[in-house]
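**Student:**
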Amino acid sequence: MSTEYPSVDRKPRTVYMDCPGIFTADRAARERSKSRLCVTTHAACITMKGRGRQLWMLMCVICVVLCFSAYSNSVVWRTMGANRFSPNEELSVAGARKLLEEEEWGTEKPHPPGTDKRLPQSIIFGVRKCGTRAMLEFLGLHPQIRPADHEVHYFDDDVNYNMGIDWYKSQMPYSFHDQVTIEKSPRYFIAEKVPERISNMNSSIKLIVLLRNPTVRVISDYTQVYYNKKAKGKAHDKLENLAIDLSTGEVNTRYKAVRISIYHQHFERWLKVFRPDQFHIVDGDNLIVRPWEEIAQVEEFLGLPHKITREHFYFNSTRGFYCMKLGHEKCLGATKGRRHPFTDPVAVEKLRAFFKPHNQMLFQLINRTFDWK
1 MSTEYPSVDR
11 KPRTVYMDCP
21 GIFTADRAAR
31 ERSKSRLCVT
41 THAACITMKG
51 RGRQLWMLMC
61 VICVVLCFSA
71 YSNSVVWRTM
81 GANRFSPNEE
91 LSVAGARKLL
101 EEEEWGTEKP
111 HPPGTDKRLP
121 QSIIFGVRKC
131 GTRAMLEFLG
141 LHPQIRPADH
151 EVHYFDDDVN
161 YNMGIDWYKS
171 QMPYSFHDQV
181 TIEKSPRYFI
191 AEKVPERISN
201 MNSSIKLIVL
211 LRNPTVRVIS
221 DYTQVYYNKK
231 AKGKAHDKLE
241 NLAIDLSTGE
251 VNTRYKAVRI
261 SIYHQHFERW
271 LKVFRPDQFH
281 IVDGDNLIVR
291 PWEEIAQVEE
301 FLGLPHKITR
311 EHFYFNSTRG
321 FYCMKLGHEK
331 CLGATKGRRH
341 PFTDPVAVEK
351 LRAFFKPHNQ
361 MLFQLINRTF
371 DWK
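Here UniProt numbering is used: the first residue of the sequence shown is 1, the next is one more, and so on.
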């Protein structure tokens with residue numbers, strides 16, 4: 001019996017796979033043949049299809065996660081940009097703490113019906129370390145005051161200012177129509193462009209200025225930088241080497257902490273734009289020892305009923321200053337009230353003598369005196 005073999009010239013039949021695993025060519029032969037090879041191939045294709053679905057679902061999940069991560073990062077960086085520090089300040093331990101204290105970056109909090117975001121009716125400023133943060137926190141105890149929860153730096157930062165007045169308003173808290181919205185940015189006091197910019201927004205705005213004994217303020221300013229550098233393991237010079245010119249033995253006016261403490265030079269600029277009755281000056285030294293007295297004066301200045309009393313405060317002997325009672329005890333941050341490093345008494349006396357005539361010029365300008373010794 002002879003067996004016929006296909007000619008070597010004969011072209012093989014083209015076979016196509018189309019999962020779900022059945023050969024598309026020669027369908028009749030496929031039906032007749034139930035060989036193990038066909039069954040195995042069919043099963044393999046089904047398996048490939050199942051794995052393909054799993055792979056596609058995994059890729060979709062990864063894409064969603066990456067997109068969400070990118071969006072979250074952009075929100076965080078936009079918020080950090082909006083709450084940036086002064087360009088002359090380092091992102092110190094205190095700076096990092098301030099960032100971490102911001103609640104729910106980039107999220108819109110629920111707000112009561114009838115509230116809206118409004119431009120501030122009052123602004124707090126003053127040279128740093130004069131108590132602007134404490135003043136804002138204390139005023140927050142008043143039911144008719146809504147303070148912004150971060151330093152906006154709208155009027156002193158060109159990048160923020162160029163974002164426009166609607167952006168500035170968006171940084172304010174929600175408030176009812178009978179509440180006073182307040183923001184504070186200490187650097188407004190010394191930035192040259194700020195008075196005119198604020199006047200362009202609201203020429204009748206009420207301005208709260210915090211001032212403090214300039215000698216004590218210089219030491220407190222140095223203390224903040226001292227502890228920040230110490231936390232980073234950086235070298236830090238002594239205050240007397242910075243505040244006193246070693247070649248002349250006189251006060252070094254190039255030292256920024258000294259220069260920005262010559263208050264009358266800054267106040268003169270403000271009085272060229274605003275009326276004297278638009279200012280209320282807070283005694284930053286008395287705010288430390290009798291905060292309720294200074295708060296009562298601010299309430300009157302803002303035309304609000306007296307709500308914050310001595311009972312809202314308690315003296316924290318560990319911290320060395322007054323904290324708030326809010327049903328629970330609340331103190332300012334850990335960077336407040338730190339012990340001042342030792343400073344040469346001779347340097348301190350030179351600072352006092354230097355500031356004395358400048359203080360007198362300020363007193364004449366504002367028609368008020370302070371017991372700055």
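Glycine included, C-beta positions come from ideal geometry on N, C-alpha and C.
For Leu304, which residues of its own chain have a beta-carbon under 6 Å away from its beta-carbon, when the five flanking residues on both sides are left out?
**Tutor:** For the purposes of this step, residue 304 is identified with residue 304 of the sequence shown, where counting begins at 1. Around Leu304: Gln144.
**Student:** Taking only heavy atoms of the ligand FAD into account, decide whether any of them is closer than 7 Å to the Cβ of Glu349.
**Tutor:** The ligand FAD is not part of this structure, which contains no ligands at all.
**Student:** For Glu268, does the count of other Cβ atoms within 10 angstroms reach 16, so buried, or fall short, so exposed?
**Tutor:** Counting from 1 along the sequence shown, the entry for residue 268 is found at position 268. Exposed.
**Student:** Name the DSSP beta bridge partners of Glu137, please?
**Tutor:** If you number the sequence shown from 1, residue 137 lands on position 137. Glu137 is not bridged to any residue.
**Student:** Alpha helix (DSSP H) containing Val152: first to last residue?
**Tutor:** Position 152 of the sequence shown, counted from the first residue, corresponds to residue 152. Unbroken run through Val152: none, as it is neither H nor E.
**Student:** Would you call the stretch 242-254 in contact with the stretch 169-186, where contact means no fewer than 3 C-beta pairs closer than 8 Å?
**Tutor:** With the cut-off at 8 Å, the stretch 242-254 and the stretch 169-186 do not touch.
**Student:** So, are the CB atoms of Arg212 and Gly284 less than 8 Å apart?
**Tutor:** As a working mapping, residue 212 is identified with position 212 in the sequence shown. As a working mapping, residue 284 is identified with position 284 in the sequence shown. Yes, Cβ-Cβ distance for Arg212 and Gly284 is below 8 Å.
**Student:** Three or more beta-carbon pairs under 8 Å between the stretch 229-236 and the stretch 202-216, yes or no?
**Tutor:** no
**Student:** Going by the CB atoms, is the gap between Val127 and Pro186 shorter than 8 Å?
**Tutor:** The residue labelled residue 186 in the question sits at position 186 within the sequence shown. The residue labelled residue 127 in the question sits at position 127 within the sequence shown. In this structure, Pro186 places its C-beta atom within 8 Å of the C-beta atom of Val127.
**Student:** Counting pairs of beta carbons, one from the stretch 144-162 and one from the stretch 316-328, are three or more of them closer than 8 Å?
**Tutor:** no
**Student:** Quick one: what does DSSP say Asp371 is sitting in, helix, strand or coil?
**Tutor:** Position 371 of the sequence shown, counting from 1, holds the residue named residue 371. If DSSP states are grouped into helix, strand and coil, Asp371 belongs with coil.
**Student:** Name the one or two DSSP bridge partners that Leu210 has.
**Tutor:** For the purposes of this step, residue 210 is taken as the residue at position 210 of the sequence shown. Val282, per the DSSP bridge assignment.
**Student:** Tell me, to the nearest whole angstrom, how far the beta carbon of Val251 is from that of Phe354; I am working on the premise that it is less than 8 Å.
**Tutor:** Sequence index remark: in the sequence shown, residue 251 carries index 251 (1-based). Sequence index remark: in the sequence shown, residue 354 carries index 354 (1-based). Indeed, because the Cβ distance is near 4 Å, the residues count as touching under 8 Å.
**Student:** Using the rule of at least 16 other Cβ atoms within 10 Å of the residue's Cβ for burial, across every protein chain shown, is Glu151 buried or exposed?
**Tutor:** Your numbering for residue 151 matches position 151 in the sequence shown. Buried is the call here.
**Student:** Is it true that the CB of Leu119 sits closer than 8 Å to the CB of Lys169?
**Tutor:** Working through the sequence shown from its first residue, we reach residue 169 at position 169. Working through the sequence shown from its first residue, we reach residue 119 at position 119. Contact: yes.
**Student:** Consult DSSP for Thr248 and reduce its assignment to one of helix, strand or coil.
**Tutor:** Along the sequence shown, one-based indexing puts residue 248 at 248. Thr248 falls in the coil class under three-state DSSP.
**Student:** Going along the chain, which residues of its own chain have a beta-carbon closer than 7 Å to the beta-carbon of Glu4, five neighbours each way excluded?
**Tutor:** As a first step, residue 4 is located in the sequence shown; it is residue number 4 there, counting from the start. For Glu4, the pLDDT reaches just 45, beneath the cut-off of 50, and the residue's location in the model is therefore unreliable, although a value from the coordinates is still provided. So no residue of the chain qualifies.
**Student:** Compare the beta carbon distance of Phe279 and Lys184 with 8 Å and say whether it is the shorter of the two.
**Tutor:** For this step, residue 279 is matched to residue 279 along the sequence shown. For this step, residue 184 is matched to residue 184 along the sequence shown. Taking 8 Å as the Cβ cut-off, Phe279 and Lys184 do not qualify as a contacting pair.
**Student:** Where does Glu293 land, buried or exposed, given buried means 16+ other C-beta within 10 angstroms?
**Tutor:** Along the sequence shown, read from residue 1 onward, the residue named residue 293 stands at position 293. Flag for Glu293 reads exposed.
**Student:** Whole angstroms are fine: how far does the CA of Leu332 sit from the CA of Phe313?
**Tutor:** Your numbering for residue 313 matches position 313 in the sequence shown. Your numbering for residue 332 matches position 332 in the sequence shown. One C-alpha to the other measures close to 12 Å.
**Student:** Let's see if you can read the secondary structure: which residues bound the beta strand (DSSP E) around Lys184?
**Tutor:** Indexing the sequence shown from 1 puts residue 184 at position 184. Note, Lys184: beta strand (DSSP E), Val180 to Lys184.
**Student:** Find the nearest neighbour of Asp221 within the set Glu137, Asp371 and Ala257, judged by alpha-carbon distance.
**Tutor:** By one-based count along the sequence shown, residue 221 stands at place 221. Closest option to Asp221, Cα to Cα, is Ala257.
**Student:** CA-CA distance, Gln360 and Ser261?
**Tutor:** Position 360 of the sequence shown, counted from the first residue, corresponds to residue 360. Position 261 of the sequence shown, counted from the first residue, corresponds to residue 261. Distance between the alpha carbons of Gln360 and Ser261: 13 Å.
**Student:** Rounded to a whole number of angstroms, what is the C-alpha to C-alpha distance between Ile182 and Met59?
**Tutor:** Mapped onto the sequence shown, residue 182 falls at position 182. Mapped onto the sequence shown, residue 59 falls at position 59. Approximately 49 Å, taken between the alpha carbons.
**Student:** With distances taken from CA atoms, which of Ser122, His177, Phe138 and Ala191 is nearest Gly114?
**Tutor:** The residue given as residue 114 occupies position 114 in the sequence shown. Out of Ser122, His177, Phe138 and Ala191, His177 has the C-alpha closest to the C-alpha of Gly114.
**Student:** Out of curiosity, what's the CA-to-CA distance linking Leu242 and Tyr255?
**Tutor:** In the sequence shown, counting from the first residue as 1, residue 242 sits at position 242. In the sequence shown, counting from the first residue as 1, residue 255 sits at position 255. The alpha-carbon atoms of Leu242 and Tyr255 are separated by roughly 6 Å.
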